[in-house]
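Chains as they are written, first to last, in this note's numbering: chain A, 911 to 1026; chain B, 37 to 148. Beneath this line is the structure, given in structure tokens, with notes to follow.
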């Protein structure tokens, strides 16, 4: 079956530009997560949605980062006025159940963002 | 604050040479400990979930175990295709987010 799909796979932007990263979760999955993975590091949590509600955004590094999931399916992570330290792989994960579940999260292959 | 430490950072094995990967963790209350495999340029691929101390799970050449402070991923008679980065993550009880806190990963190389 179809897994989590992310686009684009690669994105190059100049410092100061805005970017938008898309995530298509597994169909029917209630929970959606965004993580940031720097080179040689494990993924770090950014934000969590249950359906269309953003229940936790405590991991977003600054107010330049914004995420939405307006219809409870596709999600977009937007970064405004990009800076070089934003360069990383951005991973999306989905899970069938909602919060308080310990079901595994299933990850997409990520978007590799490079800021010049 | 939840913390996960994995060791060693990198491990090189000869094909058939069994070994173990360590994951030490501190968490206020454990809802689950997860092992993932990550290949270069790919997202993490789910392997196991462990919920309580004493639990063990197996899949092909891999066996995961859990104590109150650490988890081990045992690899028996590894093959070159087992080469990857292995990530350990914990999920804490409480809060609405159920986020995963990951370690840095262990890069495993298996030589033929």
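Cβ coordinates follow ideal geometry from the N, Cα and C atoms, glycine included.
- Within the same chain, and ignoring the five residues on either side of residue 56 of chain B in sequence, the residues whose Cβ sits closer than 8 Å to its Cβ are 108, 109, 110 and 111.
- In this structure, the straight-line span from the alpha carbon of residue 85 of chain B to that of residue 922 of chain A is close to 36 Å.
- Residue 80 of chain B and residue 142 of chain B do not touch by the CB rule: their CB atoms are close to 13 Å apart, not below 8 Å.
- For a cut-off of 8 Å, the C-beta gap from residue 1022 of chain A to residue 919 of chain A is around 7 Å, short enough to register as a contact.
- For residue 68 of chain B, the pairing in a beta bridge is given by DSSP as B:127.
- Judged by beta-carbon spacing, residue 992 of chain A lies beyond the 8 Å limit of residue 930 of chain A, meaning their Cβ atoms are not closer than that value.
- Here residue 989 of chain A is buried: its Cβ has 16 or more other Cβ atoms, across all protein chains shown, within 10 Å.
- Taking a Cβ-Cβ cut-off of 9 Å, residue 961 of chain A has no neighbours in chain B, whose nearest Cβ is about 13 Å from it.
- For residue 1002 of chain A and residue 935 of chain A, the gap between their C-alpha atoms comes out near 8 Å.
- Here residue 58 of chain B has 42, 43, 106 and 108 as same chain residues with Cβ atoms under 7 Å from its own Cβ, once five neighbours each way along the sequence are excluded.
- Within chain A, the C-beta atoms nearer than 8 Å to that of residue 87 of chain B come from 1012, in chain order.
- Taking 9 Å as the Cβ-Cβ cut-off, the region 56-76 of chain B approaches chain A at 67, 68, 70, 72 and 74, given in chain order.
- When C-alpha distances from residue 122 of chain B are compared across B:37, B:70 and B:96, the shortest belongs to B:70.
- Non-local C-beta neighbours of residue 982 of chain A in its own chain, meaning closer than 6 Å and more than five positions away in sequence, comprise 961 and 962, ordered along the chain.
- Not flagged as an interface residue toward chain B: residue 927 of chain A, since no C-beta distance is shorter than 8 Å.
- Residue nearest to residue 1014 of chain A within the set A:915, A:943, A:912 and A:967 is A:943 (criterion: CA-CA distance).
- For residue 117 of chain B, the closest alpha carbon among the candidates B:130, B:39, B:40 and B:49 is that of B:49.
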